[in-house]
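As structure tokens, the structure follows; a few thoughts come after it.
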Amino acid sequence: MSRLLPFKFAFVFNVLLFHLNPVLCNNGRRVGDALDTEFSGFSVPLEHSFEVDDVAQFRVRGALILKAGREPSVSLNQNQLSEEDRTKLKEVAAVDGLYRIRVPRVFLQADRQTEQQMEGYLTAFVRACAMVESHLSDVIALHTDVSGYLIGVSIVTLPGACRGTEVEDEVDLEVFNTTLSILTPVNAPGPETALFLERMEQESEKKGKNPQEQKSFFAKYWMYIVPLVLFLMMSGAQDQSGGGAGGGAANGGGR
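FYI, in the working numbering the residues of the sequence shown are 3 to 257.
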């Protein structure tokens with residue numbers, strides 16, 4: 003009887019996300035399996051690095067699958083950690099090293115990949131011990147500008163603290179449990195200029211229909227102003243008459 007050759011199967015953990023809604027998916031995938039039609043699109047590598055000497059050496063962790071459309075739509079396709087990687091990750095965690103990820107600077111739209119894009123990568127990191135104690139449970143956020151261009155990446159673990167908890171390699175460090183999200187800027191509300199102008203026009207129309215509101219101060223209060231002016235004029239005339247009489251008497255007595 004011919005001997006059966008041992009085969010090693012690597013499983014893939016898929017995470018789906020559309021815009022700000024994180025979606026977790028736990029189905030595995032063997033290496034070499036054809037991708038479903040829902041995963042067809044432009045592929046962008048997601049790389050990670052964890053080294054004892056803290057010198058980054060990035061290698062592929064998975065791939066971001068960009069779907070065609072006007073809005074960013076991304077799914078994440080990841081492989082499980084090998085036995086060698088699991089051992090190394092625990093060694094890095096023991097010396098309080100870092101776990102890094104990086105993605106290239108691209109448009110998160112499959113139909114815009116032909117446009118000229120910036121070179122380089124966007125990098126984020128967490129403590130390796132947090133990655134181990136979270137059992138490879140992390141949250142990756144992709145930050146874009148208003149045009150859908152990738153401008154930042156961030157990663158946190160769940161939980162995020164290192165408590166020195168013992169973790170079994172074969173059980174807890176095989177498959178990534180990732181939540182992926184896309185964060186796009188939201189335009190702030192602008193000033194209500196149109197509403198302000200409309201109110202000003204309405205007030206102008208009301209004043210035009212009611213001429214009383216356009217009268218001057220004198221036109222409104224003439225009945226009070228005129229008697230006061232006449233009283234002051236009469237008082238001034240009386241003072242002048244009295245002063246003239248007194249002056250004549252004084253001149254006469256001097257003769």
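Note that beta-carbon positions come from the ideal geometry of N, C-alpha and C, so glycine has one too. Bear in mind the structure is a predicted one, so any value in this text is a computation, not a measurement.
6 Å CB neighbourhood of residue i in its chain, flanking five on each side removed
| i | result |
| --- | --- |
| residue 143 | 156, 183, 185 |
| residue 147 | 153 |
| residue 39 | Reliability of the predicted coordinates at residue 39 is poor, the pLDDT of 34 falling under 50, and the value obtained from them is presented with this limitation in mind. None. |
| residue 94 | 52, 54, 130 |
Sequence-distant residues of the same chain with beta carbon closer than 7 Å to residue i, five excluded per side
| i | result |
| --- | --- |
| residue 226 | none |
| residue 35 | Confidence in residue 35 is poor, its pLDDT being 41 and thus under 50, which makes the residue's placement too unreliable to answer from. |
| residue 136 | 159, 160, 161 |
| residue 110 | 68, 74, 76, 144, 146, 150, 152, 184 |
| residue 204 | none |
Minimum C-alpha distance to residue i - residue among the options
| i | options | result |
| --- | --- | --- |
| residue 175 | 81, 62, 191 | 81 |
| residue 145 | 76, 45, 69 | 76 |
| residue 171 | 85, 47, 52, 65 | 85 |
| residue 1 | 224, 166, 63, 232 | This structure does not reach residue 1, given that the chain is present from 3 up to 257, and the question cannot be answered. |
| residue 78 | 141, 198, 194 | 141 |
| residue 173 | 221, 240, 89, 234 | 89 |
| residue 132 | 99, 107, 194, 121 | 99 |
| residue 282 | 46, 63, 228 | Residue 282 lies beyond the residue range present for the chain, which begins at 3 and ends at 257; the question has no answer from this structure. |
| residue 66 | 107, 87, 83 | 107 |
Opposing strand residues paired with residue i [DSSP bridges]
| i | result |
| --- | --- |
| residue 47 | 65 |
| residue 2 | Past the edges of the chain, shown from 3 to 257, lies residue 2, and the structure says nothing about it. |
| residue 105 | 124 |
| residue 136 | Bridge partners of residue 136: none, in fact. |
Cβ-based neighbour list, residue i, same chain, cut-off 8 Å, excluding 5 preceding and 5 following
| i | result |
| --- | --- |
| residue 232 | none |
| residue 169 | 92, 134, 135, 137, 175 |
| residue 61 | 49, 50, 51 |
Within-8 Å CB hit, residue i to chain C
| i | result |
| --- | --- |
| residue 53 | Judged by its chain identifiers, the structure shown contains no chain C, having just a single protein chain. |
Taking contact to mean at least 3 C-beta pairs separated by less than 8 Å, is the stretch 51-60 in contact with the stretch 158-167?
no
Taking 8 Å as the threshold, find out whether the stretch 123-140 comes into contact with the stretch 102-113 through three or more Cβ pairs.
yes
Contiguous alpha helix (DSSP H) assignments of at least 4 residues, all confined to the stretch 142-175
171-174
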